[in-house]
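A.B. asks: One structure coming up, written as structure tokens, with questions to follow.
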Amino acid sequence: METGRVTVERVGGKSTVTRSFSKYPLKFILPNKVGSAGTDAVWIYALTYGGGIVSVRCCFSYLTLYGDRISCEFFVGNGCTAVLTTQASTKVYKSLGSRCSEQLLEARIGSDALLVVIPDPVTCFSTARYAQKQVFRVVANSSSLLLVDWITSGRHESGEKWEFQLYKSTNQILLVDDDDRPLFVDSVLLEQGSISSIADRMLDYQVIAMIVILGY
2 METGRVTVER VGGKSTVTRS FSKYPLKFIL PNKVGSAGTD AVWIYALTYG GGIVSVRCCF
62 SYLTLYGDRI SCEFFVGNGC TAVLTTQAST KVYKSLGSRC SEQLLEARIG SDALLVVIPD
122 PVTCFSTARY AQKQVFRVVA NSSSLLLVDW ITSGRHESGE KWEFQLYKST NQILLVDDDD
182 RPLFVDSVLL EQGSISSIAD RMLDYQVIAM IVILGY
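Take the sequence shown: its letters are residues 2 to 217, numbered as in this note's numbering.
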């Protein structure tokens, strides 16, 4: 079920948010002005109520438990520029049993348009289980994308280092004018093993980061 949608189109010669929808646990903040007056870019801040993503929430009306499953859609119209970011790191709280928090982002970038995705890093707490998928549909030789996808080893102040149970991140860039032909596919999977832990395999590294720059 969709929890958020943002549409950016040109209005009066400027990139403008013409539609914004979000529901619990997701919220969008759209500041009126970021950067210099001559900058034609819409800034979108995504955040969650409670400051993070959880594997279990309680619905008292129906006495049910469910985890966060956030699904967002973004459309950046022809000739527009949009920046998607966060106010702080994306915290993924401890999981209950095998429950996994999930997040899906789907974006379509028009001709001569630019989408910049520069969130703060994902920080998974001990025992957390988290999976995210990001799909970007672009116009060949026309759309531009800057994507940063990164994760830290955990809560350093609490002594945690790669102690989450599962982290999976998949990024896809598809050519919308070529029947969604894949242009780029990347997947990162970190999972605790019976023979070696994530910390053993990561040695002294504290961050994994990926940067994708697609421009025309």
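Quick reminder that beta carbons are idealized off the backbone N, C-alpha and C, glycines included. In this text the structure is predicted, and so the values were computed from the model without any measurement.
(1) Tell me, to the nearest whole angstrom, how far the beta carbon of L167 is from that of C81; I am working on the premise that it is less than 8 Å.
(2) Quick one, are the C-beta atoms of K92 and T128 less than 8 Å apart?
(3) Rounded to a whole number of angstroms, what is the C-alpha to C-alpha distance between R109 and L175?
(4) Evaluate the contact criterion for the segment 115-123 versus the segment 171-190: three or more CB pairs, one atom per stretch, below 8 Å.
(5) Would the segment 154-172 count as touching the segment 196-206 if we require 3 or more Cβ pairs under 8 Å?
(6) Secondary structure at R202, three-state DSSP: helix, strand or coil?
(7) If we call anything under 8 Å between Cβ atoms a contact, is G111 one with V77?
(8) Pick helix, strand or coil for E158, following the three-state DSSP scheme.
(9) V1 and L215 look like a contact to me (Cβ under 8 Å); what is the Cβ gap, rounded to whole Å?
(10) Would you kindly work out how many angstroms separate the C-alpha atoms of S62 and V189, rounded to a whole number?
(11) If we count the other Cβ atoms within 10 Å of its Cβ and call it buried at 16 or more, is G5 buried or exposed?
(12) Can P26 and Y46 be called in contact, C-beta distance under 8 Å?
C.D. replies: A quick look at the data gives this:
(1) That belief does not hold up - the Cβ atoms of L167 and C81 are roughly 36 Å apart, past 8 Å.
(2) no
(3) 9 Å
(4) no
(5) yes
(6) helix
(7) yes
(8) helix
(9) Summary: the structure shown does not reach residue 1, with the chain confined to residues 2 through 217, and so no result is reported for it.
(10) Note that S62 scores 46 on pLDDT, short of 50, meaning its location in the model is unreliable; the coordinates nonetheless yield the value given after this. Spanning the two alpha carbons is a distance of roughly 38 Å.
(11) buried
(12) no
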